[in-house]
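**Student:** Listed in order, the protein sequences are those of chains Y and H.
Residue numbering for the first sequence follows full-length UniProt numbering, beginning at 1 and increasing consecutively.
Residue numbering for the second sequence follows full-length UniProt numbering, beginning at 1 and increasing consecutively.
Pasting in a structure now, in structure tokens, and then I'll have a few things to ask.
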Amino acid sequence: MSIENLKTYDPFAEADDDSGQTKQTQEYIHIRIQQRNGRKTLTTVQGIPSKFDHKKILKVVKKDFACNGTIISDTESKGMGEVIQLQGDQRLKIKEFLTNKDEGLGLDEKTIKVHGF
Amino acid sequence: MEPTAQRRASRKSVAFTDEKLVVDADGNVTIMASPDDDTKGTAVSHTPRTPPLSAALGAFTDASQAPVESTTDGAGDLDLSLMKKKKKKVKVAEDGEGADEAAAPADGEEAIDLSMKKKKKKKVVKEDDEFAKKLEALKLEGKEGEEAPAAEGKEQEGDLEKGTGIWAHDESKTINYEPLLGRFFALLAQKNPDHASSGTRSYKIPPPQCLREGNKKTIFANIAEICKRMKRTDEHVTAYLFAELGTSGSVDGARRLVIKGRFQQKQIENVLRTYIIEYVTCKTCRSPNTELSKGENRLYFITCNSCGSRRSVQAIKTGFSAQVGKRRKMQG
């Protein structure tokens, strides 16, 4: 009988997995939230890989979440690439969308960082 | 006789998976104790390998030495999740723990145990994520498996602490596997409180006090106290808070933090929780007893005072923040 937790991880092995992960850390997708006036909030998604068409994503997402949104490109967000900005607290929904394999982008959940409260 | 034996055997296999998972959940207690222990068939066969436990068992053979229940409310450092788990296991043997659960939430109010809540653990501790999922799945199995012993357990009653019923010193009846397993964990938790409290699970900081200033600002009153407890500078915590909340603020005369925007205590708590995971706890031994220092090349390092490990942490980055409120002034 094999013990599950004994076979998987060798602490003295070369840290290949780790380095792979640190590679990914550079490409984190950050989902943030910002408060506006009153109960209103903004959700910003930063770092979606450029292999995806941000415009199309925005189009789908706006319809799905029933919210408006916009893409903020280089000039305003200095050095942050294109940022998708959505109205309202869409953090959970957008995360679901990013990780969904069938209807979403099918990204790895580990590359997504949700910030905020 | 035949059917009973069969049933017991089958239940044992379920219980074993259960047991395996608990070893997982307890921060790899068994692995650390005996890394080459590949052949353990049952809980019984590997019990002697954990030295403190065998000591515990030795102590227990003397039934008159009624051990004090370790999950009483007084033991504030005990971890709630473990308590619950244990309670499930021990249910057959002990029934008088209901009061504990009632007392536990009250305990949690006095000082939030930041890592106590399972929700957080699942969400934030990435390494433990898969663990937690497995645990969840196995727990369900475990529950199904427990139906049977509950019915059977009626003939196996007695108080573990007082040494009555099946636990009596001179009792010769064979004790079922489930109660024995319950006793195993009761003793493990009781004789090794540091196992239960290892890591962040029992790390407590005072709850953040949030006041509203006017309509649009929140005052985080006891930030100095919290920072002192975490051994971090106010500036670092403040910077993290602002980056995470996507806002700004200032420090007022009484060293309180004034945050722009409305925030509830719960929200601040959540952010502090992630802060602690990211910047306070040692990833190796989960001890919160760490120091944050600036290394040679502008990197921040966390040095653990309990195990001596050292790791670098990411600098706090604000990231993108959208223009909120007044329109940006036109260029030129």
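Each residue gets a CB set at the ideal place from its N, CA and C atoms; glycine is no exception.
Name the residue from H:F263, H:H169, H:T281 and H:D252 whose alpha carbon lies nearest to the alpha carbon of V313 of chain H.
**Tutor:** Of the listed residues, the one whose Cα sits closest to V313 of chain H is H:T281.
**Student:** Going along chain H in order, which residues have a C-beta closer than 8 Å to the C-beta of I72 of chain Y?
**Tutor:** Neighbours of I72 of chain Y on chain H, chain order: F320 and A322.
**Student:** Does the beta carbon of N222 of chain H sit closer than 7 Å to a beta carbon anywhere in chain Y?
**Tutor:** Chain Y contact via Cβ: absent.
**Student:** Which residues in the same chain have their Cβ closer than 7 Å to the Cβ of F242 of chain H, if we skip the five residues on either side of it in sequence?
**Tutor:** Excluding residues within five positions, the ones whose Cβ falls inside 7 Å are S248 and G249.
**Student:** Give the straight-line distance between the Cα atoms of D234 of chain H and E225 of chain H, rounded to the nearest whole angstrom.
**Tutor:** Straight-line Cα distance between these residues: approximately 10 Å.
**Student:** Note the first and the last residue of the continuous alpha helix (DSSP H) segment covering E244 of chain H.
**Tutor:** Per DSSP, E244 of chain H belongs to the alpha helix (DSSP H) from D234 to L245.
**Student:** Output the boundary residues of the alpha helix (DSSP H) element that contains Y177 of chain H.
**Tutor:** Where Y177 of chain H is concerned, the enclosing alpha helix (DSSP H) stretches over Y177 to K191.
**Student:** Please report the straight-line C-alpha distance between D170 of chain H and Y203 of chain H, rounded to a whole angstrom.
**Tutor:** Rounded to the nearest angstrom, the two C-alpha atoms are 41 Å apart.
**Student:** From L160 of chain H to S293 of chain H, what distance separates their C-alpha atoms?
**Tutor:** In a straight line, the C-alpha of L160 of chain H is about 48 Å away from that of S293 of chain H.
**Student:** Please confirm if V271 of chain H has its CB atom under 7 Å from at least one CB of chain Y.
**Tutor:** So yes, V271 of chain H belongs to the interface.
**Student:** Spell out whether any CB of chain Y is found under 7 Å from the CB atom of G261 of chain H.
**Tutor:** Answer yes: the Cβ-Cβ gap between G261 of chain H and chain Y drops below 7 Å somewhere.
**Student:** Return the bridge partner residues of V83 of chain Y from the DSSP annotation.
**Tutor:** Answer is Y:Q46 and Y:I72.
**Student:** Measuring CB to CB, does I71 of chain Y end up less than 7 Å from L58 of chain Y?
**Tutor:** Yes, Cβ-Cβ distance for I71 of chain Y and L58 of chain Y is below 7 Å.
**Student:** Using a Cβ-Cβ cutoff of 9 Å, what residues of the UniProt domain "Translation initiation factor IF2/IF5" (200–310) of chain H are near chain Y? List them in chain order.
**Tutor:** Hits within the stretch, in order: K216, A243, E244, L245, G246, T247, K260, G261, R262, F263, Q264, K266, Q267, I268, E269, N270, V271 and T274.
**Student:** Compare the Cα-Cα distances from R232 of chain H to each of H:Q209, H:E278 and H:T318 and report the closest residue.
**Tutor:** Closest by alpha carbon: H:E278.
**Student:** Could you tell me whether the Cβ of T44 of chain Y comes closer than 7 Å to any Cβ of chain H?
**Tutor:** So yes, T44 of chain Y belongs to the interface.
**Student:** On the criterion of 16 or more Cβ atoms from any shown chain inside 10 Å, does R32 of chain Y qualify as buried, or is it exposed?
**Tutor:** So R32 of chain Y ends up on the buried side.
**Student:** Compare the Cα-Cα distances from Y28 of chain Y to each of Y:E103, Y:V83 and Y:K55 and report the closest residue.
**Tutor:** Comparing Cα positions, the closest option is Y:V83.
**Student:** Nearest-angstrom Cα distance between G47 of chain Y and S321 of chain H?
**Tutor:** Approximately 13 Å between the Cα atoms of the pair.
**Student:** If I measure Cβ to Cβ from F52 of chain Y and keep anything under 7 Å in the same chain, skipping five residues before and after, which residues do I get?
**Tutor:** Excluding residues within five positions, the ones whose Cβ falls inside 7 Å are L105.
**Student:** So what's T274 of chain H in DSSP terms, helix, strand or just coil?
**Tutor:** T274 of chain H: helix per DSSP, three-state reduction.
**Student:** From N37 of chain Y to I112 of chain Y, what does the alpha carbon distance come to, in whole angstroms?
**Tutor:** The straight-line gap from Cα to Cα measures roughly 27 Å.
**Student:** Mapping DSSP to helix, strand and coil, what is Y279 of chain H?
**Tutor:** Residue state, collapsed to three classes: helix.
**Student:** Less than 7 Å between the beta carbons of T303 of chain H and F263 of chain H, yes or no?
**Tutor:** In this structure, F263 of chain H does not lie closer than 7 Å to T303 of chain H by Cβ.
**Student:** By the 10 Å Cβ neighbour count, where 16 or more other Cβ atoms means buried, how is T174 of chain H classified, buried or exposed?
**Tutor:** So T174 of chain H ends up on the exposed side.
**Student:** How would you call D89 of chain Y, buried or exposed, if buried means at least 16 neighbouring beta carbons within 10 angstroms?
**Tutor:** By the 10 Å Cβ count, D89 of chain Y comes out buried.
**Student:** Got a sec, what are the start and stop residues for the alpha helix (DSSP H) L292 of chain H sits in?
**Tutor:** From DSSP, L292 of chain H is part of no alpha helix (DSSP H) but of the beta strand (DSSP E) over T290 to K294.
**Student:** Would you tell me roughly how many angstroms separate the C-alpha atoms of R229 of chain H and H30 of chain Y, rounded to the nearest one?
**Tutor:** Approximately 29 Å between the Cα atoms of the pair.
**Student:** Within 7 Å (strictly less), CB to CB, does G69 of chain Y reach chain A?
**Tutor:** Judged by its chain identifiers, the structure shown contains no chain A, and its protein chains are Y and H.
**Student:** Given this structure, state the Cα-to-Cα distance separating F220 of chain H from R273 of chain H, to the nearest angstrom.
**Tutor:** Their backbone Cα atoms lie some 15 Å apart in a straight line.
**Student:** Just verifying my parser: in three-state terms, what is the DSSP assignment at E96 of chain Y?
**Tutor:** In this structure, E96 of chain Y counts as helix in the three-state DSSP scheme.
**Student:** Can the beta-carbon of R91 of chain Y be found less than 7 Å from the beta-carbon of V114 of chain Y?
**Tutor:** Yes.
**Student:** Straight-line CA distance for D252 of chain H to K283 of chain H?
**Tutor:** Their backbone Cα atoms lie some 34 Å apart in a straight line.
**Student:** Considering Cα atoms alone, identify which of H:L245, H:V271 and H:A254 is closest to G261 of chain H.
**Tutor:** Measuring from the Cα of G261 of chain H, the nearest candidate turns out to be H:L245.
**Student:** Roughly how many whole angstroms lie between the Cα atoms of D238 of chain H and E178 of chain H?
**Tutor:** According to the sequence as given, residue 238 of chain H is Thr; it is not Asp. Going from the Cα of T238 of chain H to the Cα of E178 of chain H covers about 49 Å.
**Student:** Can you grab the Cα-Cα spacing for the pair P207 of chain H / N176 of chain H, in whole Å?
**Tutor:** Rounded to the nearest angstrom, the two C-alpha atoms are 44 Å apart.
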